[in-house]
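The next block holds one structure in the form of structure tokens; read it before the comments.
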Amino acid sequence: EDKVVQSPLSLVVHEGDTVTLNCSYEVTNFRSLLWYKQEKKAPTFLFMLTSSGIEKKSGRLSSILDKKELFSILNITATQTGDSAVYLCAVDYSGAGSYQLTFGKGTKLSVIP
Amino acid sequence: DSGVTQTPKHLITATGQRVTLRCSPRSGDLSVYWYQQSLDQGLQFLIQYYNGEERAKGNILERFSAQQFPDLHSELNLSSLELGDSALYFCASSTHRDRGPVEAFFGQGTRLTVV
Numbered sequence: 527e528d529k530v531v532q533s534p535l536s537l538v539v540h541e542g543d544t545v546t547l548n549c550s551y552e553v554t555n556f557r558s559l560l561w562y563k564q565e566k567k568a569p570t571f572l573f574m575l576t577s578s579g580i581e582k583k584s585g586r587l588s589s590i591l592d593k594k595e596l597f598s599i600l601n602i603t604a605t606q607t608g609d610s611a612v613y614l615c616a617v618d619y620s621g622a623g624s625y626q627l628t629f630g631k632g633t634k635l636s637v638i639p
Numbered sequence: 014d015s016g017v018t019q020t021p022k023h024l025i026t027a028t029g030q031r032v033t034l035r036c037s038p039r040s041g042d043l044s045v046y047w048y049q050q051s052l053d054q055g056l057q058f059l060i061q062y063y064n065g066e067e068r069a070k071g072n073i074l075e076r077f078s079a080q081q082f083p084d085l086h087s088e089l090n091l092s093s094l095e096l097g098d099s100a101l102y103f104c105a106s107s108t109h110r111d112r113g114p115v116e117a118f119f120g121q122g123t124r125l126t127v128v
């Protein structure tokens with residue numbers, strides 16, 4: 527059973543559009559939720575969220591966590607072709623004496639000119 | 014360039030064989046994480062080392078092992094290889110001891126193909 531579910535799996539938008547990517551999770555002893563951008567190869571860290579309702583922002587990207595409803599969203603405004611990538615969400619939770627980390631399958635975003 | 018170096022970039026080997034993947038973390042980073050990414054399983058956390066000690070273990074098979082050396086480079090050993098082990102193996106490094114790859118930098122990965 528998947529602990530971290532991302533939706534949609536794939537998304538195609540035009541440049542300038544705003545997109546919202548979703549990540550829901552179901553774990554015990556939640557510690558944090560992490561977002562990454564994966565272009566050709568290596569993932570790049572975007573955000574870490576630990577508290578509900580506090581928005582993290584970096585340029586046109588922003589993210590927020592809802593610990594009551596167990597989900598996070600990643601917003602990208604005024605999308606550009608360079609935003610085309612797979613966006614990964616991961617949940618960090620306590621377990622087995624230290625922590626566990628589970629990734630979602632990712633959302634593939636394609637931004638067309 | 015993330016500053017994390019993984020070698021080799023590509024590896025093709027036969028079933029039943031053993032391989033070693035190498036990772037050099039960014040200067041100053043004491044944590045090294047290993048991940049496996051395959052088409053069907055997505056990105057999976059394998060193991061983390063901090064300053065030579067194992068800190069966290071994920072979905073790492075018993076046929077796989079890792080270590081971190083005094084100079085902080087790390088090696089992931091994969092033995093009795095099966096076709097299903099074909100994947101992209103990433104290493105990441107960070108300064109954090111008891112966290113996942115927060116503010117971590119990933120290497121470009123080693124593409125392992127088992128034939």
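Protein sequences appear in the order of chains A and B.
All you need for this note's numbering is the position in the first sequence, starting with 1, plus 526.
All you need for this note's numbering is the position in the second sequence, starting with 1, plus 13.
Cβ atoms here follow ideal geometry from the backbone N, Cα and C, with glycine treated the same way.
The beta-carbon of residue 121 of chain B is placed less than 8 Å from the nearest beta-carbon of chain A. Residues of chain B with a Cβ closer than 7 Å to the Cβ of residue 584 of chain A do not exist; the shortest Cβ-Cβ separation is about 12 Å.
Here residue 32 of chain B is not near residue 104 of chain B, since their CB atoms are 8 Å or more apart. If you compare the alpha carbons of A/567, A/615, A/564, A/534 with that of residue 558 of chain A, the shortest gap goes to A/615. Burial is judged here by how many other beta carbons sit within 10 angstroms of a residue's own beta carbon; residue 618 of chain A has at least 16 and is buried. For the region 605 to 618 of chain A, residues whose beta-carbon sits nearer than 7 Å to a beta-carbon of chain B comprise 614, 616, 618. Closest in C-alpha terms to residue 584 of chain A, from the list A/561, A/552, A/611, comes A/561. Within the region 16 to 64 of chain B, there are no complete alpha helix (DSSP H) runs of at least 4 residues. Burial state of residue 637 of chain A is buried, judged by a 10 Å Cβ sphere holding 16 or more other Cβ atoms.
In this model, residue 101 of chain B and residue 122 of chain B are separated by some 6 Å (Cα to Cα).
Proximity of residue 51 of chain B to chain A, defined by a Cβ-Cβ separation below 8 Å, is not satisfied. In this structure, residue 119 of chain B keeps its C-beta atom at 8 Å or more from the C-beta atom of residue 627 of chain A. Residue 83 of chain B counts as exposed, since fewer than 16 other beta carbons sit within 10 angstroms of its beta carbon. Residue-level contact check: residue 577 of chain A does not touch chain B, since none of the beta carbons of chain B fall below 8 Å from its beta carbon.
As the crow flies, the alpha-carbon of residue 26 of chain B is around 18 Å from that of residue 19 of chain B. When A/572, A/604, A/605, A/607 are compared, the shortest CA-CA separation from residue 590 of chain A is found for A/572. Think of a sphere of 8 Å around the beta carbon of residue 560 of chain A: the chain B residues whose beta carbon falls inside it are 113, 114, 115, in chain order.
Within the DSSP bridge table, the entry for residue 124 of chain B names B/23, B/101 as partners. Taking CB atoms only, residue 589 of chain A has no neighbour in chain B less than 8 Å away.
For residue 82 of chain B, there is no enclosing beta strand (DSSP E), as DSSP marks it with neither H nor E.
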